[in-house]
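In the working numbering, the protein residues as written are 67 to 267.
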Ligand SMILES: C[S@@+](CC[C@H](N)C(=O)[O-])C[C@H]1O[C@@H](n2cnc3c(N)ncnc32)[C@H](O)[C@@H]1O
């Protein structure tokens, strides 16, 4: 299978990243959007799930979780680290998510720290595909990274405004737009900030 362009650098850096991803508290990371998370049991899709730290939080809290992760090293580590958490792992990627059946729908879709790895064409193709995955009252929660680009990875400067416009073209209205600092110490010190966005129909 061809390498997914947005994953550039992740397999090489997986070893350092695994402990970083696992050390960040779900509640701290997602504080701005916690009120938009539906009650369990609901169906959650985490796209670009990394090591599945967030997916495990959902699974352990009684949600049905699908974790999509194209980087084998992160996905395999996540499967091993969270083997006791009932997570359905899928090797797939944006924009197409071709391994998720067309009719499959979720109450919540999380895209955390992933969207800025997609180029303009991929972002435009991904938004309608993501919208198709949401139930009528479902929520999409996203975060966009701003600041210095991570060395060795493919990242683009993506604004909240562009993302809100793309979502709107897929009939999704914005219910949250907040700027936050990084939950992780290293990123905070590097001056990386985040847009926290949420959408529903
Ligand atoms: C910064 S990590 C975030 C991981 C996780 N969401 C978290 O918050 O810990 C970005 C993730 O996006 C994944 N990724 C990159 N390009 C992707 C694509 N086109 N589709 C899905 N995931 C992608 C990478 O493999 C990596 O796991």
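C-beta atoms are modelled at their ideal positions from N, C-alpha and C, and glycine is treated no differently.
Helix, strand or coil at residue i according to DSSP, with G and I counted as helix
{"i": "residue 201", "result": "strand"}
{"i": "residue 224", "result": "coil"}
{"i": "residue 165", "result": "coil"}
{"i": "residue 195", "result": "helix"}
{"i": "residue 229", "result": "helix"}
{"i": "residue 219", "result": "coil"}
{"i": "residue 105", "result": "coil"}
{"i": "residue 84", "result": "helix"}
{"i": "residue 266", "result": "strand"}
Outcome for residue i when other beta-carbon atoms lying within 10 angstroms are tallied against a minimum of 16
{"i": "residue 103", "result": "buried"}
{"i": "residue 148", "result": "buried"}
{"i": "residue 164", "result": "exposed"}
{"i": "residue 159", "result": "buried"}
{"i": "residue 174", "result": "buried"}
{"i": "residue 169", "result": "exposed"}
{"i": "residue 162", "result": "exposed"}
{"i": "residue 203", "result": "exposed"}
{"i": "residue 245", "result": "exposed"}
{"i": "residue 112", "result": "buried"}
{"i": "residue 251", "result": "exposed"}
Distance CB(residue i)-CB(residue j) smaller than 8 Å
{"i": "residue 130", "j": "residue 109", "result": "yes"}
{"i": "residue 84", "j": "residue 137", "result": "no"}
{"i": "residue 258", "j": "residue 218", "result": "no"}
{"i": "residue 229", "j": "residue 210", "result": "yes"}
{"i": "residue 106", "j": "residue 127", "result": "yes"}
{"i": "residue 232", "j": "residue 187", "result": "no"}
{"i": "residue 156", "j": "residue 140", "result": "no"}
{"i": "residue 90", "j": "residue 249", "result": "yes"}
{"i": "residue 225", "j": "residue 243", "result": "no"}
{"i": "residue 72", "j": "residue 115", "result": "no"}
Residue(s) in a DSSP beta bridge with residue i
{"i": "residue 261", "result": "210, 245"}
{"i": "residue 110", "result": "131, 174"}
{"i": "residue 186", "result": "For residue 186, which the question treats as bridged, DSSP gives no partner whatsoever."}
{"i": "residue 141", "result": "Beta-bridge pairing links residue 141 to no other residue."}
{"i": "residue 153", "result": "131"}
{"i": "residue 239", "result": "266"}
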